[in-house]
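A quick write-up on the structure given underneath.
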Ligand code: ADP
Ligand code: ADP
Ligand code: ZN
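Residue numbers (my numbering): 153 to 362.
Encoded structure:
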């Protein structure tokens, strides 16, 4: 199953990807996590991406398309994958179409803007393994510590309210058109992202089977 998760920043793509990757036994490819890793280890790509991320802007298409193309052709993607955070623009979707990989389903996790602000302000992330938590709705077992790898949880710089407003604007402008793009292919499924985390996952799995 080759799957795309669509949705606004903070809609719950990463959270659902964690569950689905476990249940479907296929890897998650998160461009956000890949870029944050590059930033942390100071690679050239990371340095290029820094200013964009911090301003709430998208990293240029050609940069992201390159890293995704390379990643999707690795062996562990042969039996399927979950794309979290890619594509985010029409040119990225068109580039994906040209990569010679067929997408089976696109799941749009729908959450209104007012809920997004609350979600993102309470988000805490593990920069080592990419797991995501929330101070109210998805607490780690031990305060400030990642359940999966034991690293310290942090708040992302771009999760500050001012940057989130800009990311939402960019989402509506550049990413939301992908809903129509995939609707036209008959691959789009929509789930209500305002339910609890497990319910959304079960509904998604049911839709994928159906
Ligand atoms: P969120 O999960 O909140 O939507 P991500 O972790 O996916 O955020 O992305 C964080 C930032 O990384 C984005 O604001 C953008 O700057 C960059 N980024 C991630 N994926 C892409 C992409 N496909 N195209 C361009 N920029 C991206
Ligand atoms: P995205 O990857 O789409 O940016 P995340 O999966 O990181 O979004 O979720 C954003 C924040 O909201 C995280 O702190 C996460 O723990 C929390 N969250 C995710 N899904 C839900 C949900 N269904 N209900 C409440 N909180 C959620
Ligand atoms: Zn971790």
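Virtual Cβ for every residue (Gly too), placed ideally from N, Cα, C. On a predicted model such as this, the values are computed, not experimentally measured, just so you know.
{"Query": "Put residue 369 into one of helix, strand or coil per three-state DSSP.", "Result": "Absent from the model: residue 369. The displayed extent of the chain is 153 to 362, so no value can be given."}
{"Query": "Which value, in whole angstroms, describes the spacing of the CA atoms of residue 297 and residue 290?", "Result": "12 Å"}
{"Query": "Kindly provide the chain-ordered list of residues whose Cβ lies closer than 6 Å to any non-hydrogen atom of ligand 5.", "Result": "The ligand content of the structure shown is limited to ligand 1, ligand 2 and ligand 3, which means ligand 5 is not among them."}
{"Query": "Taking one C-beta from the stretch 158-175 and one from the stretch 277-285 each time, how about it: are there three or more such pairs within less than 8 Å?", "Result": "yes"}
{"Query": "With a floor of 3 residues, list each beta strand (DSSP E) that falls wholly inside the stretch 234-315, ordered by position along the chain.", "Result": "257-262, 275-278, 284-286"}
{"Query": "Just checking, does the stretch 227-236 make contact with the stretch 308-321 on the three C-beta pairs under 8 Å criterion?", "Result": "no"}
{"Query": "In whole angstroms, what is the alpha-carbon distance linking residue 343 and residue 265?", "Result": "16 Å"}
{"Query": "Give me the residue from 293, 326, 279, 311 with the minimum Cα distance to residue 303.", "Result": "279"}
{"Query": "May I ask you to report which of helix, strand or coil DSSP gives residue 210?", "Result": "coil"}
{"Query": "Got a sec? Which residues, its chain only, sit under 7 Å from residue 237 by beta carbon, not counting five neighbours each side?", "Result": "165, 182, 183, 184"}
{"Query": "Would you kindly work out how many angstroms separate the C-alpha atoms of residue 287 and residue 242, rounded to a whole number?", "Result": "34 Å"}
{"Query": "Residue 349 to residue 200, Cα distance in whole Å?", "Result": "34 Å"}
{"Query": "Taking C-beta to C-beta, are residue 260 and residue 191 nearer than 8 Å?", "Result": "no"}
{"Query": "Candidates 174, 179, 219: which alpha carbon is nearest residue 195's?", "Result": "219"}
{"Query": "Can you check which of these residues, 353, 275, 359, 222, is closest to residue 248 by C-alpha distance?", "Result": "222"}
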